[in-house]
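Residue numbers (the numbering used here): 398 to 567.
As structure tokens, this is what we get:
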């Protein structure tokens, strides 16, 4: 019988926790910083609202809107998100009045283009995949880098190849 959670529970129980990341991948962190800087140059203040998330934190977030108060914000359980492998971030926009917003139409820099769209454009140029492009559940604040790996690869212990990891310092 196929696992309805889409995750091999045996792997989850036996995976060596020493092999699991405990923080944001250095390339993802560097590109996140570049995203903040390049957005600021366009007059947009970007906040990273989430990055690495443990499987336990992911499970708690999954329960939101189900058995816990709040809206459903994820369909991924622990071990089923790129956040759990340090390869994803979530972002929001901070307005001049210090409000943190997820408004995709807001044009705070008043250049005729949504600030959200501008941030996504910058993120894609930096190598991020945007959750708003997904065909099923649209996760508009979500950005991830997969380094050519699938979620199944990550769950089975594969990690980005260090030889292919370079940080663009420009």
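By construction, the Cβ of each residue, glycine as well, lies at the ideal position given by its N, Cα and C atoms.
Could you check if residue i is buried or exposed, using at least 16 other CB atoms within 10 Å of its CB as the buried criterion?
{"i": "residue 516", "result": "buried"}
{"i": "residue 425", "result": "buried"}
{"i": "residue 450", "result": "buried"}
{"i": "residue 490", "result": "buried"}
{"i": "residue 463", "result": "exposed"}
{"i": "residue 499", "result": "exposed"}
Report the rounded CA-to-CA distance for residue i versus residue j, giving the unit in angstroms.
{"i": "residue 461", "j": "residue 437", "result": "32 Å"}
{"i": "residue 483", "j": "residue 466", "result": "26 Å"}
{"i": "residue 452", "j": "residue 480", "result": "9 Å"}
Measure from the alpha carbon of residue i to the alpha carbon of each residue in the options, then state which is nearest.
{"i": "residue 486", "options": "417, 538, 550", "result": "538"}
{"i": "residue 442", "options": "416, 488, 481", "result": "488"}
{"i": "residue 430", "options": "525, 457, 470", "result": "525"}
{"i": "residue 579", "options": "456, 447, 468", "result": "In the structure displayed, the chain extends from 398 to 567; residue 579 sits before or after that span and is not available."}
{"i": "residue 508", "options": "427, 440, 418", "result": "440"}
Here's a check: name, in chain order, each residue in its chain whose Cβ is nearer than 7 Å to the Cβ of residue i, leaving out the five neighbours to either side.
{"i": "residue 632", "result": "Limits of the chain in this structure are 398 at one end and 567 at the other, which puts residue 632 out of reach."}
{"i": "residue 416", "result": "554"}
According to DSSP, is residue i part of a helix, a strand, or is it coil?
{"i": "residue 480", "result": "helix"}
{"i": "residue 489", "result": "strand"}
Closer than 6 Å by C-beta to residue i: which residues in its own chain qualify, once you throw out the five before and the five after it? Chain order, please.
{"i": "residue 458", "result": "471"}
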